[in-house]
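Asker: The sequence shown lines up with residues 1065 to 1268 when you count with the numbering used here.
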Amino acid sequence: MSRGRTLRDWDADESHKRVAVSRRGSDTDYDIRVPRSSHVDAQPEPSYYGPNFVNSEQGRSSSLAYGDIREPKMPDPWKKAPQPYPEGMNDQYLTYKDYGDQYSKANRAFKLANPLATPDNHPNIVEKVERGLALAAEARTAANLEAAARSGFDHKFPYAYDSLAKKASHKKPVKEKLEAAKKIRKNEGKLHGKLPADYYEKQP
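(1) Checking 8 Å against the spacing of the C-beta atoms, do residue 1177 and residue 1195 come in under that value?
(2) Taking the alpha carbon of residue 1169 as the point to measure from, which residue in 1155, 1158, 1207 has its own alpha carbon closest?
(3) Measuring straight from C-alpha to C-alpha, what distance separates residue 1186 and residue 1260?
(4) Thinking just about the alpha-carbon of each residue, which of 1190, 1167, 1221, 1209 is nearest to the one in residue 1200?
(5) Quick one: what does DSSP say residue 1268 is sitting in, helix, strand or coil?
(6) With a 10 Å radius around its C-beta and 16 neighbouring C-beta atoms as the bar for buried, classify residue 1154 as buried or exposed.
(7) Could you name the residues of the same chain whose beta carbon sits closer than 6 Å to that of residue 1215, not counting the 5 residues immediately before and after it, in chain order?
(8) Just the Cα atoms here: how many angstroms apart are residue 1189 and residue 1248?
(9) Along the chain, where does the alpha helix (DSSP H) that runs through residue 1208 open and close?
(10) Let me confirm a value: residue 1264 is counted as buried when at least 16 other C-beta atoms fall within 10 Å, else exposed. Which label applies?
(11) Using only alpha-carbon positions, find the residue among 1267, 1212, 1243, 1268 that is nearest to residue 1157.
(12) Distance, Cα to Cα, residue 1180 vs residue 1267?
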């Protein structure tokens, strides 16, 4: 700027207008959770995501690989959020429910087949044990998947329950399914022990 020019003259210069303009946006200008509002006191709704998943809410990836799981602060009084579940969240809810159904179906079939009670000298011992192993693997996989999906849902959406009691009841099946998976693994070992000594040598 020359000594003879004023700030007003410089601002009026078309070639400098873009440089002279300064805009400082607030956080809410870039917050996708709420529509933009011109009201000075407008505040975004509290996030319904857990503290490890705030990035998910903003459309960015999240990972627990590089930090501890942070426990969310529980609202007092309790308030379920969101309500109703948005489509993507409802899909995740249905996912762990589906894993639970898969586990129940495979576990019932395993108990009905009862391969552990088959005598070792049974003429169809191999077929019965193979069937039992297939059902056991199916039940064990579904149990682990349900436990993981339930636990993940709770970490991601910690306020998605009607009450704290409902939240606690959501966690109970996680422990139950992990214990069930361990038990099934032991039963699989017992089934392998019922197979003829040369069984694996004959496998292609």
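Here a beta-carbon is modelled for each residue, glycine too, at the ideal position from N, C-alpha and C. All figures in this text were calculated on a predicted structure; none of them were measured in a lab.
Answerer: Per the coordinate set shown:
(1) If you number the sequence shown from 1, residue 1177 lands on position 113. If you number the sequence shown from 1, residue 1195 lands on position 131. Yes, Cβ-Cβ distance for residue 1177 and residue 1195 is below 8 Å.
(2) Reading the sequence shown from its first residue, position 105 is the one you call residue 1169. Residue 1169 has its Cα closest to that of 1207, out of 1155, 1158, 1207.
(3) Residue numbering aside, residue 1186 sits at position 122 when the sequence shown is read from its first letter. Residue numbering aside, residue 1260 sits at position 196 when the sequence shown is read from its first letter. Cα to Cα, residue 1186 sits roughly 11 Å from residue 1260.
(4) Reading the sequence shown from its first residue, position 136 is the one you call residue 1200. When each option's Cα is compared against that of residue 1200, the closest is 1167.
(5) Working through the sequence shown from its first residue, we reach residue 1268 at position 204. Here residue 1268 sits in coil by DSSP.
(6) Working through the sequence shown from its first residue, we reach residue 1154 at position 90. Result: exposed.
(7) Stepping through the sequence shown from its first residue, residue 1215 is reached at position 151. Excluding sequence neighbours, residue 1215 sits near 1238.
(8) Position 125 of the sequence shown, counted from the start, is the residue given in the question as residue 1189. Position 184 of the sequence shown, counted from the start, is the residue given in the question as residue 1248. Approximately 19 Å, taken between the alpha carbons.
(9) Residue 1208 sits at position 144 when you count from the first residue of the sequence shown. It spans 1189-1220 - the alpha helix (DSSP H) in which residue 1208 sits, taken as one unbroken run.
(10) Sequence index remark: in the sequence shown, residue 1264 carries index 200 (1-based). Per the 10 Å Cβ criterion, exposed.
(11) In the sequence shown, counting from the first residue as 1, residue 1157 sits at position 93. Nearest option by C-alpha distance: 1212.
(12) The residue labelled residue 1180 in the question sits at position 116 within the sequence shown. The residue labelled residue 1267 in the question sits at position 203 within the sequence shown. Their backbone Cα atoms lie some 22 Å apart in a straight line.
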